[in-house]
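Same order as they appear, the protein sequences are chains A and B.
Residues in the first sequence are numbered from 1 upward in steps of one, following our numbering.
Residues in the second sequence are numbered from 345 upward in steps of one, following our numbering.
Worksheet: the structure to be examined is printed underneath.
Number of protein chains: 2
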Amino acid sequence: MGEFDLIRRFFTRPTPRAVLGVGDDCALLQSAPGMQMAVSTDMLVSGRHFFADTDPQRLGHKCLAVNLSDLAACGARPLAFTLALALPEANEAWLAPFASGLFQLADAHGCELVGGDTTRGPLNICITVFGEVPASGATPLLPTSALLRSGAQAGDDIYVSGTLGDAALALRALQGTLTLPNPLLDATRARLEQPTPRVALGQALRGVATACADVSDGLLGDFGHILERSGLGAQIEFELTLPLLAARADFAGGTALFDAQWGRDTALQCVLAGGDDYELVFCAPPSKRDLVAQAAAQSATPVTRIGTMRAERGLLLLDSQGRSVSRASLHLASFDHFAAAGSP
Amino acid sequence: MGEFDLIRRFFTRPTPRAVLGVGDDCALLQSAPGMQMAVSTDMLVSGRHFFADTDPQRLGHKCLAVNLSDLAACGARPLAFTLALALPEANEAWLAPFASGLFQLADAHGCELVGGDTTRGPLNICITVFGEVPASGATPLLPTSALLRSGAQAGDDIYVSGTLGDAALALRALQGTLTLPNPLLDATRARLEQPTPRVALGQALRGVATACADVSDGLLGDFGHILERSGLGAQIEFELTLPLLAARADFAGGTALFDAQWGRDTALQCVLAGGDDYELVFCAPPSKRDLVAQAAAQSATPVTRIGTMRAERGLLLLDSQGRSVSRASLHLASFDHFAAAGSP
Chain A
1 MGEFDLIRRF FTRPTPRAVL GVGDDCALLQ SAPGMQMAVS TDMLVSGRHF FADTDPQRLG
61 HKCLAVNLSD LAACGARPLA FTLALALPEA NEAWLAPFAS GLFQLADAHG CELVGGDTTR
121 GPLNICITVF GEVPASGATP LLPTSALLRS GAQAGDDIYV SGTLGDAALA LRALQGTLTL
181 PNPLLDATRA RLEQPTPRVA LGQALRGVAT ACADVSDGLL GDFGHILERS GLGAQIEFEL
241 TLPLLAARAD FAGGTALFDA QWGRDTALQC VLAGGDDYEL VFCAPPSKRD LVAQAAAQSA
301 TPVTRIGTMR AERGLLLLDS QGRSVSRASL HLASFDHFAA AGSP
Chain B
345 MGEFDLIRRF FTRPTPRAVL GVGDDCALLQ SAPGMQMAVS TDMLVSGRHF FADTDPQRLG
405 HKCLAVNLSD LAACGARPLA FTLALALPEA NEAWLAPFAS GLFQLADAHG CELVGGDTTR
465 GPLNICITVF GEVPASGATP LLPTSALLRS GAQAGDDIYV SGTLGDAALA LRALQGTLTL
525 PNPLLDATRA RLEQPTPRVA LGQALRGVAT ACADVSDGLL GDFGHILERS GLGAQIEFEL
585 TLPLLAARAD FAGGTALFDA QWGRDTALQC VLAGGDDYEL VFCAPPSKRD LVAQAAAQSA
645 TPVTRIGTMR AERGLLLLDS QGRSVSRASL HLASFDHFAA AGSP
């Protein structure tokens, strides 16, 4: 199978929304007047972002999901994407389910594949995704209605969507650092391998949230970007996040038995610094609690309030008694692709 | 050096044309009203598209150049790009010159880096580039002024820009299948490693050329896309392309000695099927010869007329006596990343 056969058979589909899709030197996109194009790129490397033997259908889903999650974090509506694929060989038994997982998610969000590149090489998947947001909006510094990491105000509530930490728990099990019974492994592994980008919630939060980021490298790490870009500090009641670990909340034996078996510290580490969640962390003023609840209901996405933005820099982690606890005492690290393993 | 340090130190620069550049979940672009966004992606893999020890400054240039070449082939004006980079390690001695080569070319074309991704992994560079073209134009089937691979008409002249085959000659020398004296190796190697995307010519050809493609995988292979998409055939006077091999044309000993030393067949193979040229091949009606000459002069890019489009399908290669010569007799192959080595 040649390069052009490969593209034709697995990655060429009608693109009614693009002016021109796959098959020329460039694709042509036209955003509506008064709209801005939101663009994001994520590269997934075999052995680093996924195990080499990951189910290709799930992998096809995931590599687009992580990009859609960036659009969600900006409140953008997905339009189109390009796919660059380095493959050790043109293996149909891998390509067909990969394409199926990819397009199933793409279709669910009306996001069209408009071009890309294929080459031989160590397995590497690079997607660039395009979305749109209205050009004028509530952002004080920029003429955009996109949700940015900057823009949070002191006194804002801090929220997180969905559930947290299950993907990290699965990763530990797959890496062999802990053992999970099969039903629990299957459930958490689905979270790791088929994350749900919060596209509808992101769009519903436009004009409501003051700042937003997606949680890909761990809650505290990604929330740290909001702190930095907004020039603020925050307090997070970290124990409010513990019930968001679905594996623990839904554990048949109860949460106490879960903690006895796998450790409450492990649960907290997964929730606060686990990575691969693809949830949204965002801020909104207390005056907009009803609107946040409305956005959550409208997008059928649960959200949980976990803290408050502060004018003083720094992140306070408060326990249920309101005592500040150090990050080190919780053994928390966020993920950084080039930092030494385990460094904060 | 961590991931965010790496981005901050080497890949964060002001982006006055983008609404929002590096540092958030997405970049925000706004095309002018009545304009379309042209998008293209190319992935370069170490050991396949470049030697692992390639000068990083040249590599930074090349990985953007091959993408700008796709914009050129569409007649689009460069706006912005994203960069996804998998690196075995965060090596400053490599990153600094890589970034320098990248930004030197980007600045020359007013093309802003607006976002991307960095990760650890086998060296892989994936750039997605954005340009713009007026939304309405001369293309009969699509509301665009972009140059497409479709659109050529029977009777159109066929042109190619610049020089051809020098990159392929250098590649053969570097792979050890032939030997070049040092000055010739240096000159051809510069063509291989620092190609010149024909951005100004591409824009000047809007409204003049009926079809256009960039030559990345060999002249005949890429011209074949125009034939296929335009549903036509062509005749190429292939010996008209031989003088385009600069190494041969400029050879101190003269072209006869060049042919005696390295073979006229080798020269023809490099010119017709060599790859890595990043020139433009395009079609225009004979009535527009003056306009083609004007576009060439305006963009300071030489162009050479090499044949004629025909209604009958198939590509005829005519020698200087007008005799049709088979592709096989010239030992010509075009490059395909997944075909067996040497297959046509």
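No residue lacks a Cβ here, since even glycine has one placed at the ideal position from N, Cα and C.
Asked	Found
As an exercise, report each continuous alpha helix (DSSP H) stretch of at least 4 residues that is fully enclosed by the region 622–682 of chain B, in chain order.	633–642
What does M653(B) reach in chain A if we use C-beta pairs closer than 7 Å?	Neighbours of M653(B) on chain A: none; closest Cβ ~18 Å, over 7 Å.
Does the distance from the CB of V543(B) to the CB of L403(B) come in under 9 Å?	no
In three-state terms, what does DSSP make of A32(A)?	coil
What does Q36(A) reach in chain B if we use C-beta pairs closer than 7 Å?	V363, L372, L373 and Q374
Which residues bound the alpha helix (DSSP H) around S574(B)?	L563 to S574
Going along chain B, which residues have a C-beta under 8 Å from D70(A)?	D369 and C370
When burial is assigned at 16 or more other CB atoms within 10 Å of the CB, is H331(A) buried or exposed?	exposed
At a CB-CB cut-off below 8 Å, which residues of chain A make contact with L492(B)?	L20 and D24
Residues of the region 579–592 of chain B with a CB closer than 7 Å to any CB of chain A: list them in chain order, please.	none
Cβ of P345(A) within 9 Å of Cβ of D117(A)?	There is simply no residue 345(A) to check, as chain A begins at 1 and stops at 344 in what is shown.
Comparing C-alpha positions only, which one of L515(B), G391(B), R533(B) and G459(B) sits nearest to L373(B)?	G459(B)
Starting from G115(A), find everything on chain B with Cβ-Cβ shorter than 7 Å and list it in chain order.	V383, S384 and T385
Determine whether the Cβ of T645(B) lies closer than 9 Å to any Cβ atom of chain A.	no
I'd like to confirm the pairing. Which residues does DSSP put opposite A355(A) in its beta bridges?	Chain A is shown only over 1 to 344; residue 355(A) falls outside these bounds and no answer can be derived.
Please name the residue or residues paired with G250(A) in a DSSP beta bridge.	With the sequence shown as reference, residue 250(A) is identified as Asp, and Gly is not the correct amino acid for it. In DSSP, D250(A) forms no bridge with anything.
Who are the neighbours of C74(A) on chain B, taking C-beta pairs under 8 Å?	D368, D369, C370 and L372
Can you pull the chain B neighbours of P195(A), defined as C-beta to C-beta under 8 Å?	What P195(A) touches in chain B: nothing, since even the nearest Cβ is about 15 Å away.
Within the region 110–184 of chain A, note down every full beta strand (DSSP E) run reaching 3 residues or more, in order along the chain.	112–120, 124–134 and 157–161
For R307(A) and L315(A), what's the separation of their Cα atoms in angstroms?	As written in the sequence, residue 307(A) is Gly, which differs from the Arg given in the question. Taking the straight line from one Cα to the other gives about 10 Å.
Determine, using beta-carbon pairs with one atom in the region 226–243 of chain A and one in the region 92–106 of chain A, whether at least three such pairs fall under 8 Å.	no
Any contact of the region 99–110 of chain A with the region 174–181 of chain A, i.e. 3+ C-beta pairs under 8 Å?	no
In chain A, what lies closer than 7 Å to N721(B) by C-beta?	Summary: the structure shown does not reach residue 721(B), with chain B confined to residues 345 through 688, and so no result is reported for it.
Which of the three DSSP states, helix, strand or coil, is assigned to G101(A)?	helix
When the cut-off is 9 Å and only beta carbons count, does H453(B) lie next to chain A?	no
Return the chain-ordered list of same chain residues with a C-beta closer than 7 Å to the C-beta of V208(A), the five sequence neighbours on each side being excluded.	A284, K288, L291, V292 and A295
Comparing alpha-carbon positions, which option in L486(B), S494(B) and P541(B) lies nearest G506(B)?	P541(B)
What does L486(B) touch in chain A if you count any residue whose Cβ is under 8 Å from its own?	V19, L20 and L28
Tell me M43(A)'s beta-bridge partners as DSSP assigns them.	C126(A)
In this structure, does DSSP put L85(A) in helix, strand or coil?	strand
For a contact defined as C-beta to C-beta under 7 Å, what are the partners of R33(A) on chain B?	At residue 33(A) the sequence reads Pro, which differs from the Arg that was named. Residues of chain B passing the Cβ test: P377.
Roughly how many angstroms separate the alpha carbons of V281(A) and D222(A), rounded to a whole number?	8 Å
Please name the residues in the region 496–510 of chain B whose beta-carbon is closer than 9 Å to at least one beta-carbon of chain A, in chain order.	none
Using 10 angstroms around the beta-carbon of N411(B), count the other beta-carbons present and answer buried if the total reaches 16, otherwise exposed.	buried
Would you call the region 123–138 of chain A and the region 69–84 of chain A touching, i.e. three or more CB-CB distances under 8 Å?	yes
Taking S79(A) and G21(A) to be in contact with their CB atoms under 8 Å, please state how far apart those CB atoms are, rounded to whole angstroms.	Here residue 79(A) is Leu; the residue named in the question, Ser, does not match the sequence. So it is not a contact: roughly 12 Å between Cβ atoms.
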